Structures are given as structure tokens and as C-alpha cells.
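Colleague: Can you keep this structure in mind? I'll have questions shortly.
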Amino acid sequence: MIRQFLLVAALALPVAGEGGGTLRLCLRSEPRSLHPLEAAEESSETVRYLTAGVLVRINRQTQRAEPELARSWKITDGGRRITFQLREGIQFSDGSPFGAQDVVYTFAELASDELRSPAADAFRTAPGRVSAKALSEASVTILLPAPVAGLERLFDAVAILPRAGRSLDRSVLGPFRISQHQPGSFILLERNPHYWKKDSSGRKLPYLDAVRLDIQQNREIEMLRFRRGEIHMINKLDPELFERLAAEEPGSAFNAGPSMEPEQMWFNQANGSPLPEYKRAWFGSRNFRNAISHSIRRQDLARIAFLGRAAAAAGPVSEANQYWFNRQLKPRQHDPKLAKRLLVSDGFRWQGSKLVDRGGHPVQFSIITNSGNKTRAKMAALIQQDLGEIGIDVRITPLDFPSLIERISRTFQYDACLLGLVNVDLDPNGQMNVWLSSSGNHQWNPNQKSPATAWEAEIDHLMRSQAATLDPERRKKHFDKVQRIVWEQEPFLYLVYKNALAAAAPSLRNFKPVAMFPQGFWNADQIVVSSTVAQSRR
Amino acid sequence: MTIAPLVRRVVSLPLLWLLAGFLGTTLIRFAPGFAVDERELDARLTADSVASIRQERAHQTNPVAYYLSFTGGLLSGDLGVSRTLGRPVRELLRDRIPVTARLAGWGLLGAWGVALAAALAPVAWPGYGLRTVTSLAGGLILSIPAAVVALIFLHGNWPREAAAAVVLFPRLHNYCSRTIDHVQALPHVLLARAKGARPVSVLLRHILAPALPQLIALAGVSLSMALGVCIPLEVLCDVPGIGQLAWQSAMGRDLPVLVSLTLLTAAVTMTANLAADLTLFALGKRT
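Top to bottom, those sequences are chains R and A. All letters in the first sequence, in the order written, are residues 1 to 538 by this note's numbering. All letters in the second sequence, in the order written, are residues 1 to 287 by this note's numbering.
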């Protein structure tokens, strides 16, 4: 009787009244660095997200910048200077006070020449260094070498460090701090007892006692452990595993819609590539690229390769990016007749069922992709089949990742590549190195001394213009035009945006997955693991 | 019997060991994709940062120069820093060797126990068709790839050590039973049987003793087999041991880790084989 009463009482507790519990989830690799300023890959960034305090946080649901450790900010000097008013009374996890000197120290570290990370490079927009100066104990001003549009958003990735002389491991400002690290096995984060945030009822956050991050590379095992109740959450679930879970435990499978991660294909147009002239002519032709694009059934890629858990892509920005997505662009439709017309206009013709070019060369090329990715392998096979229908002979060459990178960035010994290049940043400035023709990440033709084509010159101009103006509407106009040019010219053939799929145990409360990193635990300080539900599940 | 060949072998071992490390270095250096780093594809990094990342590997491009500097560091216990995991290789090995040692050790123990029992049981109790049963079982398990065994144990949530034993068993059983069968056919065994010696006595006195040198040699080789088996098991079952490290490092062309692992594996194999030879020498039965 007493036990029954206790059970009913436990279930009746409101979310805010619950507390404690250890959230268990997996990292897909060992973090390369636990230093928050060095974080560059997903595992390190996950630890940083959960442990670090930042001045400004991008709300993952609204995608807007919100005050965090900074109460407010003001951008002046045409976008070169930002002055923060800091919250007062905040303490690091070791109980020491947080103040302007910590911010100054952080930016001195960030400006170090030895530091090579995305967080540091975001401030290296021009020659010169970023510098910070404390105006008072609760006010700090940061000066950049050149104006940056959308400046406040950069601070979402800058973890505030404790001033010199204090332990980086023990002094954090985020909801959790590292308590134990068993390399190759797990990282245990414990609740920061001095975390400054409170919920609407005045209760201190985070609710969780701890977060255990198990290092688990194998996704099948991750799912197996989820089913056994050993972990509570899976981020970035494969469509196949998602479908299986949705069939078995529909309440545990979550689909947050299209993610920010496109699957794309491009042809090698690199100046120094060893390709024969006729192939360079094919790949350099807009008609050829558009024809290939119109021959691919994007809907089938989404339906078959991703089991319906993806959306056909129109361009470099996902519809999940609420502000920057150009809504006028639509994915190219499968239209083999149009594809053939475009090819004929470029002098291609058919010999029997085979397509040949003006010089009689059969149209044949290989697509390299990374091995070990089942979904991408399926996509490649479907593309091969689609292009076969218009007489193009496609060969698929899966390569391990280092070999693939070598080919697309050093030797340029490839015809076409199928890959997913992730957009981590919502802001177009995050894509600057992809679109500028002089950049090494301008994959189809990197490191150009001067733009090879007029449309690349126009993209260069538009990207620089949007970065130089602080007016969001003008920036949007410029970047919309970039998206339009990319849609027309198709240096990248955007194929699909896979959905942000996640799994969550019924014992999780306040689980609200989003498309943006870190998807399932963006609100980790408000997540609750209900022990009552967890026990009944087991 | 002379000790000279054994001394020559002991003396040549360090040279062989160093040569193995150098060959490993050269192979890795010339593997496709050696000079690249995944971080180069990160569009958030500036050209200077990408250049700096590329520069990190510049000192590894000449295999001779690199190996000389590596062996110099080796003398002071410095094995370099893993480029994929960003940690000192010495720390990585220190954390992971016990994990693999436990997996391989228990796996070997289990596999040897079962393989010996399966090879000897038909001798001790002839006429029950035990040889057929054990051979069929060994053949059947041998036909299952190690990766499949790993997955079965993973889904069953059974101990990984048992999986290692299952994978190793048929390989050891094959050699053990062939050795036992060979000795069994020798004239002195036939004579003992003709004289009416009991099967257990024949087994212990006339079969096991002459088979011991081959079995000891096999014990040395089985250690290398176990290390090989650990790679798929650790990768598929996510066991943070040396096998998993080897796989990750190979995927990332992580030269310091791979050279260290090559030297470690060579050292283990050579030591095991040397120990087997010394044991045989001590027994006075070196073939």
C-alpha cells in the first residue's frame, strides 16, 4: 500500500519538481581536445557545449542570439567593436567569481598565434588581432581587426575561461563540469553546483546530476544499448535505425525535420587536375551540370536511400535555417527530356544508347565517395542508375576518407565526388571559405588566383559585400543572390537534406530535438531523467 | 645440441625489431592519403590554419629522418603524439594495453583449453566418433568470420573474451589435432597400444610428451593470432584496446601510433617465439 502510494506520488511530480538522474548518451569518437577553445570536431564541441559558459548563446529553437553571461551588448565602430555588460554575481564551478578579467584573459588566449581552431579563426577576418579590454568589473569591450557582420553570433562558440592560475577542468561556467575521463571509454560530467541559471519557478538548473558520455563508434551498438536502456538518447540517427526504432517503439523515435546537412555532388573543375581536356570541357559546362542535375531523381534518393527521412535539396542552405534560406528556390525536378535538350545544345549525341560528346568520346565518369557509409553508397547506386538512363556510364569508387581528401584537395585525380559538407554555422560568413574562389575549400576549383568564371567573380563580390554590411536585410539580399547563382550554375549539385533524427527514452523529460547542433541536448540544463519511468521500462 | 644458433637469434632480434619498425614507417608513409588531415575540409578554418595543419605533418614526410627521430625519442620513452587523438602515444598504449591483454589472455586461455581437450579427447576415448564431432565443430566455427562472431556476441551481450576464444579455438584445434594425430601414428605409440597400455596412459606418456615441442612453438605463434583477432573484435564491439587503436590509427594514417604499434606487436611476437625456443632449448628438444 505504502509502495503504491509512493509510486503514484512520484508520477504526479511536476517536471520542475523532479531532479537528479544521470543522462547517458554516446560520443562517436574520442574528443580530440578537451580545451574548449581548441574544440573543432563534434565530440569536443559536445563537451564544450555542456561545460562551457558563453557570453551569447544562439537559441537552437528560435535561432536567435540571446544574452547568456552577458546581460546585453552593443556593436559600434561599424561592426569592429562590441561592448558587453556582464551579469553580476556569477561564479565559476569552483566558487570563484566571474568578471571582465576572465573575458579579457579568454580573448588573449583566443588571439594566440598557436591556436588553430574554428572559434579562433572566426575572429581572424583581417590582418591584426582581436583584443579585449575591461571597462569595469562588469563591462568589457572587444575590438576586432575588421568589421564582422553578425558579430554577436561568433560568441556562441567562445567558452569563457577562468583567468590565469585557475584550473580549467574545475572552473567552468556551463551547466556541467568534467568529473572523470577514461580515455577511449567515457567522460563523466557532474552538475556545476554554482551554475547561474534558474528555471521559471526559481529552482536552480541543471536538473540532472550528471551526464555520462560513453565513447561508442559503432552505431549498431549504440542502438543496441539504447534498446537495453543503457543510454537515454541518440543524436543523428541513421534512417535505417530510425525506421527500426519507429516500428518497435514509436514513442522513442523523433524526427526534427530537415537538418543543416546536405548531400551533394560536384564535378572536378580544378585548374591543375590531370583530367583530359574533353572531360574538363564537360564538367566546366553549365548545361552539362544542369543536365546531370535534371537526370537525378532527388525524390527517389530521399525515398530509397533515406527511407523517406530526407528532403530534396535546392541549394546550399537548408530550409531548417530559418532566416537565410532562399525560399524562392525549388529543388530541380527529374526531367530527362530537358536534360537531353541541354546535352544536345552542348554538342552531345547518342550512339545507340550511349551518350558521346562532340569529339566522339563516350560520356563516362567515376564518382568517388567515402567508403563505409551505407546511405551514401545507396545514393551513388541510384545516381548511377538515373544517369544510365540517359546513356552516361558512371562508375562508383568508394575510398577511405584520407584517400578521398587527398584526391579532392591535393592530386585532383577524380571526376566527380559525392559527399556531405556540413554547414555548422547558420550565418553565411560560416560558408565564406566555400564560396570565395581563392579558398582551399572552394571544392570544385580551389585556390584560384583570380575567379575562373564571371559567375564565380560575382559570388566573390556578393559574399564580400554581405560580410561588409551590418544591415541584415541587405546581407540577406546578397546571400539570396549567391544561392540563386549556385542554383543556376550548380558547381555543387545539392541532392537532399537528411532529416535530424533522434531517439529518446521514455524516461526523458523536456526532450525537444532541433535541427541545429547539438540537436537532442541543446537544452541539457533542463532535461530530466525520470527514474520512475526508467525503472518501469526496464 | 649447440647454443650458438640460439645466441645468434637473440642477438639478431633487436635488429629485426628495428627493421620491422622501419618497414612499418615506410609503408604508412607511402599509403594513399598519408599527408592529409580531415580538418582541412573544415570550412570554418582560415587558409593560414589549414597551412599550419599541413605543416604539422611536414616532419613525417621523409621516412628515414622520421624513423631516426622516432627511435631517438624511443630511447627516452617518448613515442610522440597521436595526431588523430591528440594525446601522447605512451599514454594511449598505457591505457589500452591492459584492455587488450585481458581480452587476448582470456581468449587464449579459453581457446587453448577447449582446443587441447577437443584434440586429446578422441585419443583418450577412441571409438565414440569424437574426432568427427570436434573436426566438424572446428570447421564450422572456422568458416564463420571473426566479425560475425563479434556481432553475435555483441547482440547476445556475452563476454568479448569468450568471443576471442571462439575465434581462436578452431585455428588452434586444427594445429593441435594434426600434431596429436601425427604423433599418434608414430611406431612407439602403436607399440604401446599393441602392448595393451591404457588409452589415458598412452596419451600422457607416449603422445603428449613428444607433441610438447610443437605445442610450445604453437603457443608462441598463438599470441600473434590473438592480437590479430583482437582487431575486429575490439572494433566491432567498441572495446577500447590496442586493436581498436590500430584500426583508428590506420584510418587516420597516424604515423606515431602505427609505428609504435608495429614495434609493440613485433616485440610481443618475437618475445613469445623466443620464449618458446628457450623453453624447447631448456627441455633439450629443439628441432
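We put the beta carbon where it would ideally sit given N, CA and C, even for glycine. The structure displayed is predicted, hence computed values, not measured ones.
Using the rule of at least 16 other Cβ atoms within 10 Å of the residue's Cβ for burial, across every protein chain shown, is residue 144 of chain A buried or exposed?
Modeller: Here residue 144 of chain A corresponds to residue number 144 of the second sequence, with the count starting at 1. With fewer than 16 Cβ atoms within 10 Å of its Cβ, residue 144 of chain A is classed as exposed.
Colleague: Strictly under 8 Å for the Cβ-Cβ distance: is residue 155 of chain A near chain R by that measure?
Modeller: For the purposes of this step, residue 155 of chain A is taken as the residue at position 155 of the second sequence. Interface residue, yes.
Colleague: When the Cα atoms are used, what is the spatial distance from residue 543 of chain R to residue 332 of chain R?
Modeller: In this structure chain R extends from 1 to 538, so residue 543 of chain R is not present and cannot be described.
Colleague: With DSSP as the reference, please indicate the residues paired to residue 180 of chain R in a beta bridge.
Modeller: In the first sequence, the residue the question calls residue 180 of chain R occupies position 180. DSSP, once it has assigned bridges, lists R:188 as partnering residue 180 of chain R.
Colleague: How do the segment 80 to 100 of chain A and the segment 152 to 169 of chain R stand: do at least 3 beta-carbon pairs fall below 8 Å, yes or no?
Modeller: Judged by Cβ distances under 8 Å, the segment 80 to 100 of chain A makes no contact with the segment 152 to 169 of chain R, as fewer than three pairs qualify.
Colleague: Considering Cα atoms alone, identify which of R:526, R:143 and R:489 is closest to residue 124 of chain R.
Modeller: Taking the first sequence and counting its residues from 1, the one referred to as residue 124 of chain R is at position 124. The shortest C-alpha separation from residue 124 of chain R is found at R:143.
Colleague: Assign residue 453 of chain R to one of three DSSP states: helix, strand, or coil.
Modeller: By 1-based counting over the first sequence, the position of residue 453 of chain R is 453. Coil, per DSSP.
Colleague: Enumerate, from N- to C-terminal direction, the unbroken alpha helix (DSSP H) stretches of 4 or more residues contained entirely within the segment 191 to 249 of chain R.
Modeller: 219 to 227 and 239 to 248
Colleague: Kindly indicate which three-state DSSP category residue 105 of chain R falls into: helix, strand or coil?
Modeller: Taking the first residue of the first sequence as position 1, residue 105 of chain R is located at position 105. The answer is helix: DSSP assigns residue 105 of chain R an H, G or I state.
Colleague: Give the interface partners of residue 46 of chain A over in chain R, defined as CB-CB distance under 7 Å, in chain order.
Modeller: The residue you call residue 46 of chain A lines up with position 46 of the second sequence. Residues of chain R passing the Cβ test: 121 and 124.
Colleague: Could you work out which residues of chain R lie near residue 122 of chain A, taking near to mean beta carbons separated by less than 7 Å?
Modeller: The residue given as residue 122 of chain A occupies position 122 in the second sequence. What residue 122 of chain A touches in chain R: nothing, since even the nearest Cβ is about 39 Å away.
Colleague: I want to see whether chain A comes within less than 8 Å of residue 338 of chain R, judged by CB atoms only; does it?
Modeller: For the purposes of this step, residue 338 of chain R is identified with residue 338 of the first sequence, where counting begins at 1. Not closer than 8 Å to any Cβ of chain A, the Cβ of residue 338 of chain R fails to qualify, so no.
Colleague: I need the straight-line Cα distance from residue 149 of chain R to residue 319 of chain R, nearest angstrom please.
Modeller: Translated into the one-based positions of the first sequence, residue 149 of chain R becomes position 149. Translated into the one-based positions of the first sequence, residue 319 of chain R becomes position 319. Going by the C-alpha atoms only, they are around 22 Å apart.
Colleague: If we count the other Cβ atoms within 10 Å of its Cβ and call it buried at 16 or more, is residue 498 of chain R buried or exposed?
Modeller: Stepping through the first sequence from its first residue, residue 498 of chain R is reached at position 498. It is buried - the Cβ of residue 498 of chain R has at least 16 other Cβ atoms within 10 Å.
Colleague: Can you pull the chain A neighbours of residue 152 of chain R, defined as C-beta to C-beta under 8 Å?
Modeller: For the purposes of this step, residue 152 of chain R is taken as the residue at position 152 of the first sequence. Near residue 152 of chain R there are no residues of chain A at all, since even the closest Cβ is about 17 Å away, more than 8 Å.
Colleague: Which chain A residues sit within Cβ distance under 9 Å of residue 430 of chain R?
Modeller: What you label residue 430 of chain R is simply residue 430 of the first sequence in a count that begins at 1. Correct list: 43 and 44.
Colleague: Could you please give the first and the last residue of the uninterrupted alpha helix (DSSP H) stretch that includes residue 133 of chain R?
Modeller: Start at 1 with the first residue of the first sequence, and residue 133 of chain R comes out as number 133. From DSSP, residue 133 of chain R is part of no alpha helix (DSSP H) but of the beta strand (DSSP E) over 131 to 136.
Colleague: What is the C-beta distance between residue 89 of chain A and residue 257 of chain A, in whole angstroms, given that I count them as a contact (C-beta under 8 Å)?
Modeller: Translated into the one-based positions of the second sequence, residue 89 of chain A becomes position 89. Translated into the one-based positions of the second sequence, residue 257 of chain A becomes position 257. Between residue 257 of chain A and residue 89 of chain A the Cβ distance is about 5 Å, and since that is below 8 Å, they are a contact.
Colleague: On the three-state DSSP scale, how would you describe residue 497 of chain R?
Modeller: Counting from one through the first sequence, the residue named residue 497 of chain R turns up at place 497. The DSSP-derived three-state label of residue 497 of chain R is strand.
Colleague: Take residue 44 of chain R and list the residues in its own chain whose beta-carbon comes closer than 6 Å to its own, dropping the five residues that flank it on each side.
Modeller: Along the first sequence, read from residue 1 onward, the residue named residue 44 of chain R stands at position 44. Around residue 44 of chain R: 31, 32 and 33.
Colleague: Classify residue 283 of chain R as helix, strand or coil using the three-state DSSP reduction.
Modeller: For the purposes of this step, residue 283 of chain R is taken as the residue at position 283 of the first sequence. Helix.
Colleague: Could you confirm whether any beta carbon from chain A is found closer than 8 Å to the beta carbon of residue 75 of chain R?
Modeller: To locate residue 75 of chain R, count along the first sequence from 1; it is residue 75. By this cut-off, residue 75 of chain R is not an interface position.
Colleague: Look up residue 290 of chain R in the DSSP assignment and say whether it is helix, strand or coil.
Modeller: Counted from its first residue, the first sequence places residue 290 of chain R at position 290. Annotated three-state conformation of residue 290 of chain R is helix, per DSSP.
Colleague: Measure the alpha-carbon distance for residue 417 of chain R versus residue 158 of chain A and round it to whole angstroms.
Modeller: Locating residue 417 of chain R in the first sequence gives position 417, where the first residue counts as 1. Locating residue 158 of chain A in the second sequence gives position 158, where the first residue counts as 1. The alpha-carbon atoms of residue 417 of chain R and residue 158 of chain A are separated by roughly 41 Å.
Colleague: Beta-carbon within less than 7 Å of residue 266 of chain R's beta-carbon, same chain only, minus the 5 sequence neighbours each way: which residues are those?
Modeller: As a first step, residue 266 of chain R is located in the first sequence; it is residue number 266 there, counting from the start. Within the same chain, residue 266 of chain R has close Cβ partners 416, 417, 443, 444, 491, 492 and 493.
Colleague: Are the C-beta of residue 231 of chain R and some C-beta of chain A separated by less than 8 Å?
Modeller: Along the first sequence, read from residue 1 onward, the residue named residue 231 of chain R stands at position 231. Chain A, which has no Cβ nearer than 8 Å to the Cβ of residue 231 of chain R, makes this no.
Colleague: Roughly how many whole angstroms lie between the Cα atoms of residue 42 of chain R and residue 517 of chain R?
Modeller: Taking the first residue of the first sequence as 1, we reach residue 42 of chain R at position 42. Taking the first residue of the first sequence as 1, we reach residue 517 of chain R at position 517. Distance between the alpha carbons of residue 42 of chain R and residue 517 of chain R is about 9 Å.
Colleague: When the Cα atoms are used, what is the spatial distance from residue 95 of chain R to residue 423 of chain R?
Modeller: Here the question's residue 95 of chain R lines up with position 95 in the first sequence. Here the question's residue 423 of chain R lines up with position 423 in the first sequence. The straight-line gap from Cα to Cα measures roughly 37 Å.
Colleague: I'd like to confirm the pairing. Which residues does DSSP put opposite residue 395 of chain R in its beta bridges?
Modeller: Walking along the first sequence from the start, residue 395 of chain R turns up at place 395. Answer is R:366.
Colleague: Given a threshold of 16 other Cβ atoms within 10 Å of its Cβ, counted over all protein chains shown, does residue 2 of chain R qualify as buried or as exposed?
Modeller: Reading the first sequence from its first residue, position 2 is the one you call residue 2 of chain R. Reliability of the predicted coordinates at residue 2 of chain R is poor, the pLDDT of 45 falling under 50, and the value obtained from them is presented with this limitation in mind. Residue 2 of chain R should be labelled exposed.
Colleague: What runs of the beta strand (DSSP E), each 3 residues or longer, lie entirely inside the segment 52 to 107 of chain R?
Modeller: Counting only runs of 3 or more, we get 56 to 58, 65 to 67, 70 to 76 and 81 to 86.
Colleague: Going by DSSP, which residues form a beta bridge with residue 264 of chain R?
Modeller: As a working note, residue 264 of chain R is residue 264 in the first sequence. BP columns for residue 264 of chain R point to R:419 and R:494.
Colleague: Quick one: which residues of the segment 251 to 268 of chain A get their C-beta closer than 8 Å to a C-beta of chain R? List them in chain order.
Modeller: 251, 252 and 253
Colleague: Can you pull the chain C residues whose beta carbon is under 7 Å from the beta carbon of residue 452 of chain R, in chain order?
Modeller: The question asks about chain C, but that chain is absent: this structure's protein chains are R and A.
Colleague: Would you check whether the ligand NAD has a heavy atom nearer than 7 Å to the C-beta of residue 34 of chain R?
Modeller: In terms of ligand content, the structure shown is empty, and the ligand NAD therefore cannot be addressed.
Colleague: Can you check DSSP and say which residues form a bridge with residue 88 of chain A?
Modeller: Your numbering for residue 88 of chain A matches position 88 in the second sequence. A:81, per the DSSP bridge assignment.
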